[in-house]
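*Asks:*
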Ligand code: 13P
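In our numbering, the protein residues as written are 10 to 268.
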C-alpha cells in the first residue's frame, strides 16, 4: 500500500449469487461497513450480469458508497453477438469497473491477449474503468517464466494506450495457482510481481504508472489481507471466494483494524 494510491478491495462473485442473494449480500455488507471504511478503502462488488440491476438499485436507493463492477464485456457497441453484453449496457447501469482478462476467461473461455486489449479499450471508451487481470500458471512459476508471462500480458493489453487512458485503469495480479486453492502468494512474492507490473506499465505509459493501482488476487482471506496490504506495491485485493460472504468480505475491507 502506498500513501498516494487509495486501496481498493473488489469482490469478484464469479458465477455465484442470484439477484435476490446479491441484494442481501450488499445490504449486509453495508450494515458492517462505516464511513471510515469507505474513506480508507474503495469497495467494489462485481456481481453476475443478472444481478447488476438489482445491486445497482440497492446501492442507489440506500445511498451505499460501494462501487459496482461487472465481470466481463464484449468490445463492440451493439450487434449480432448472441449472449454478449455491450459496454454501453453496463455504463447505463452505473457500472464503474469492468474486469477484463480474468484467468478463468482466458483459460476456460478462450479470451486472447488481443481480445483483452479490445475489451480494455471498449470499457474506457464507454467511460468506465477496466480491472485488467494478469497472472502465471503453476508450471510457468516453477519454470521461472512468471515474470515474462505477466509482463507480456501487460504489454499486450496496454500497448499503444495513451497515458491519460492508462491512468483510469486498475491491474489485478492473480497467480492462477493461488486462485480458489487456499494457497496465496507470499506477501513478498505478491509485492515483487505487483512491482513488476508497475515497472512494465512505466515502460509503456511513463510516470502515470505511479498512480495506477495494482491489486493482488488469489485466496485473499480475512487472515492474510493485512500482511499483503503491508507491502508497498500491493494496492488492494481482488477477492473471489471470501467476497461471497458479507462477514468475511467486510473483515477484508477492514484489514487495518486487525493490525
Ligand atoms: P479466490 O479469492 O477465490 O482465490 O479467487 C480469486 C479471483 O480469481 C478473483 O478474481
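Every residue gets a Cβ at the ideal spot worked out from N, C-alpha and C, and that includes glycine. If you're wondering where the values come from, they're calculated on a predicted model, not measured in any experiment.
#1: DSSP puts residue 142 in a beta bridge; with which residues?
#2: In the DSSP assignment, what residue or residues form a beta bridge with residue 192?
#3: To the nearest angstrom, how far is it from the Cα of residue 255 to the Cα of residue 63?
#4: Look at the alpha carbon of residue 207 and the alpha carbon of residue 219, and state the distance between them as a whole number of angstroms.
#5: Please give me, in chain order, every unbroken run of the beta strand (DSSP E) with length at least 3 that falls completely inside the stretch 93-162.
#6: Under the criterion of a Cβ to heavy atom distance below 8 angstroms, does residue 77 qualify as lining ligand 1?
#7: Suppose contacts are defined by Cβ-Cβ distances below 9 angstroms. Is residue 223 in contact with residue 175 by that definition?
#8: With 16 as the cutoff for other CB atoms within 10 Å, does residue 166 come out buried or exposed?
#9: Just curious, the alpha helix (DSSP H) that residue 44 is in, first and last residue?
#10: What ranges does the beta strand (DSSP E) occupy inside the stretch 47-89, keeping only unbroken runs of at least 3 residues that lie completely in it?
#11: At the level of alpha carbons, what is the spacing between residue 250 and residue 257?
#12: Please list the terminal residues of the continuous alpha helix (DSSP H) segment that includes residue 19.
#13: Return the residue from the list 152, 209, 195, 201 that minimises the CA-CA distance to residue 164.
#14: Quick check on the burial criterion: 16 or more other C-beta atoms within 10 angstroms. Buried or exposed for residue 227?
#15: Given 8 angstroms as the limit, tell me if residue 168 has its C-beta closer than that to any heavy atom belonging to ligand 1.
#16: Give the secondary structure of residue 262 by DSSP, where H, G and I count as helix, E and B as strand, and everything else as coil.
#17: Buried or exposed: which applies to residue 123, given that a residue is buried once 16 or more other Cβ atoms fall within 10 Å of its Cβ?
#18: Between 237, 39, 138, which has its C-alpha nearest residue 96's C-alpha?
#19: At a threshold of 8 angstroms, does residue 21 count as lining ligand 1 (C-beta to nearest heavy atom)?
#20: Report the rounded CA-to-CA distance for residue 49 versus residue 71, giving the unit in angstroms.
#21: Are the CB atoms of residue 51 and residue 16 within a distance shorter than 9 angstroms?
#22: Pull up the DSSP beta-bridge partners for residue 210, would you.
#23: Can you tell me where the beta strand (DSSP E) holding residue 223 begins and where it ends?
#24: For the beta strand (DSSP E) that residue 247 lies in, which residues bound it at each end?
#25: List the endpoints of the continuous alpha helix (DSSP H) containing residue 238.
#26: Quick check: the stretch 87-96 against the stretch 115-122, are there 3 or more CB pairs under 8 angstroms?
#27: Cα separation between residue 130 and residue 107?
#28: On a CA-only basis, which of 110, 154, 136 is nearest residue 86? Give me that one, please.
*Replies:* Quick answer:
#1: For the purposes of this step, residue 142 is taken as residue 133 along the chain shown, with counting starting at 1. BP columns for residue 142 point to 181.
#2: Counted from its first residue, the chain shown places residue 192 at position 183. Answer is none; residue 192 lacks a bridge partner.
#3: Mapped onto the chain shown, residue 255 falls at position 246. Mapped onto the chain shown, residue 63 falls at position 54. When rounded, the distance between both Cα atoms is 17 angstroms.
#4: Here residue 207 refers to the residue found at position 198 when the chain shown is read from its first residue. Here residue 219 refers to the residue found at position 210 when the chain shown is read from its first residue. Rounded to whole angstroms, residue 207 to residue 219 spans 7 angstroms at the Cα level.
#5: Segments of the beta strand (DSSP E) lying fully in the stretch 93-162: 106-109, 138-143.
#6: One-based indexing of the chain shown puts residue 77 at position 68. Not under cutoff, so the answer is no.
#7: Within the chain shown, residue 223 is the residue found at index 214, counting from 1. Within the chain shown, residue 175 is the residue found at index 166, counting from 1. For residue 223 and residue 175, no; Cβs fall outside 9 angstroms.
#8: Sequence index remark: in the chain shown, residue 166 carries index 157 (1-based). Label assigned to residue 166: buried.
#9: The residue given as residue 44 occupies position 35 in the chain shown. Note, residue 44: alpha helix (DSSP H), 44-49.
#10: For the stretch 47-89, whole beta strand (DSSP E) runs of length 3 or above, ordered along the chain, are 51-55, 76-79.
#11: Along the chain shown, read from residue 1 onward, the residue named residue 250 stands at position 241. Along the chain shown, read from residue 1 onward, the residue named residue 257 stands at position 248. Going from the Cα of residue 250 to the Cα of residue 257 covers about 10 angstroms.
#12: Mapped onto the chain shown, residue 19 falls at position 10. In the DSSP assignment, residue 19 falls outside any alpha helix (DSSP H) and lies within the beta strand (DSSP E) extending over 17-21.
#13: In the chain shown, the residue the question calls residue 164 occupies position 155. Nearest of 152, 209, 195, 201 to residue 164, Cα basis: 209.
#14: What you label residue 227 is simply residue 218 of the chain shown in a count that begins at 1. So residue 227 ends up on the buried side.
#15: Locating residue 168 in the chain shown gives position 159, where the first residue counts as 1. For ligand 1, not one heavy atom lies less than 8 angstroms from the Cβ of residue 168.
#16: Taking the first residue of the chain shown as position 1, residue 262 is located at position 253. It is helical.
#17: Residue 123 sits at position 114 when you count from the first residue of the chain shown. So residue 123 ends up on the exposed side.
#18: Looking up residue 96 in the chain shown gives position 87. Of the candidates 237, 39, 138, the one whose C-alpha sits nearest the C-alpha of residue 96 is 138.
#19: The residue you call residue 21 lines up with position 12 of the chain shown. Because some heavy atom of ligand 1 lies under 8 angstroms away, the Cβ of residue 21 counts as near it: yes.
#20: For the purposes of this step, residue 49 is identified with residue 40 of the chain shown, where counting begins at 1. For the purposes of this step, residue 71 is identified with residue 62 of the chain shown, where counting begins at 1. When rounded, the distance between both Cα atoms is 20 angstroms.
#21: Position 7 of the chain shown holds residue 16. Position 42 of the chain shown holds residue 51. Yes, the pair counts as a contact, with Cβ atoms nearer than the cut-off.
#22: Along the chain shown, one-based indexing puts residue 210 at 201. Residue 210 is not bridged to any residue.
#23: The count along the chain shown starts at 1 and reaches residue 223 at position 214. Note, residue 223: beta strand (DSSP E), 222-226.
#24: To locate residue 247, count along the chain shown from 1; it is residue 238. Unbroken beta strand (DSSP E) run through residue 247: 245-248.
#25: Looking up residue 238 in the chain shown gives position 229. That run of the alpha helix (DSSP H) goes 234-238.
#26: Judged by Cβ distances under 8 angstroms, the stretch 87-96 makes no contact with the stretch 115-122, as fewer than three pairs qualify.
#27: In the chain shown, counting from the first residue as 1, residue 130 sits at position 121. In the chain shown, counting from the first residue as 1, residue 107 sits at position 98. About 11 angstroms.
#28: Along the chain shown, read from residue 1 onward, the residue named residue 86 stands at position 77. Out of 110, 154, 136, 136 has the C-alpha closest to the C-alpha of residue 86.
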